[in-house]
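A.B. asks: To start, I am sharing the structure in question, which I have written as structure tokens.
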Amino acid sequence: MSSFSGHTAELATVTVTNEPFWPDLSLAEFQKIYRLPREYTDELLINQLKLGMAWANKQLIDWKNEQIAAGYSSLASVPEDIQGCALGGETPAVLHYKRAVSNYAKAYLLQHYATINRREAAHNEAKESTETRDTLLTNAEDAISDFLGNNRVDVELI
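In this note's numbering, the protein residues as written are 24 to 181.
Structure below.
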């Protein structure tokens, strides 16, 4: 336990199971890379990660079906010439998939941050703002585009 916050400093050692084609994801990796507040419960994080998986899986359903029709039963079995050469043990496809899921999940975690009991001095508007949420959702959509090898076009009203 942290003597300052009352929350544990340890990361969860949970693996969130995905559907068979897509990779399972580490809750600890999600917490660490996306700098999630320790105030979130593991159950909430797992739920949001599952929702992120469901969203990304739906976005990529046609690509997945093409790979299954070609005889590949999982993303891991898709050859590197299709998904890209491994970088640090993970292919670009896996990296983009994780980025899509994680950004989507974090975007929807923000709405819960305001309801967590914390001191007013610790209030951080950037953790909860609509702009931050929109940026995370855009990042998730960009990751799907990158996964599919599509060009991105971002349009903003002035």
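Quick reminder that beta carbons are idealized off the backbone N, C-alpha and C, glycines included.
State the start and end residues of the unbroken alpha helix (DSSP H) segment that holds N70.
C.D. replies: Here the alpha helix (DSSP H) through N70 covers 65-82.
A.B. asks: Can you tell me which of the three DSSP states L59 falls into?
C.D. replies: Here L59 sits in coil by DSSP.
A.B. asks: Just to check my reading of the structure: K73 and V37 have Cβ atoms closer than 8 Å, yes? What is that Cβ distance to the nearest angstrom?
C.D. replies: Going by Cβ atoms, the distance from K73 to V37 rounds to 11 Å, so no, they are not a contact pair.
A.B. asks: How far does the alpha helix (DSSP H) with E207 in it reach, from first residue to last?
C.D. replies: Residue 207 cannot be examined here, being either before or after the span of the chain that is shown, 24 to 181.
A.B. asks: With DSSP as the reference, identify every bridge partner of E113, one or two as the case may be.
C.D. replies: E113 is bridged to L110.
A.B. asks: Taking three-plus beta-carbon pairs below 8 Å as touching, is the segment 93-104 in contact with the segment 127-135?
C.D. replies: Segments in contact, no.
A.B. asks: To the nearest whole angstrom, what separates the beta carbons of Y127 and A163, a pair I think is in contact under 8 Å?
C.D. replies: At roughly 4 Å, the Cβ-Cβ gap stays under 8 Å, so Y127 and A163 are in contact.
A.B. asks: What's the gap between the Cα of D65 and the Cα of A77?
C.D. replies: Rounded to the nearest angstrom, the two C-alpha atoms are 18 Å apart.
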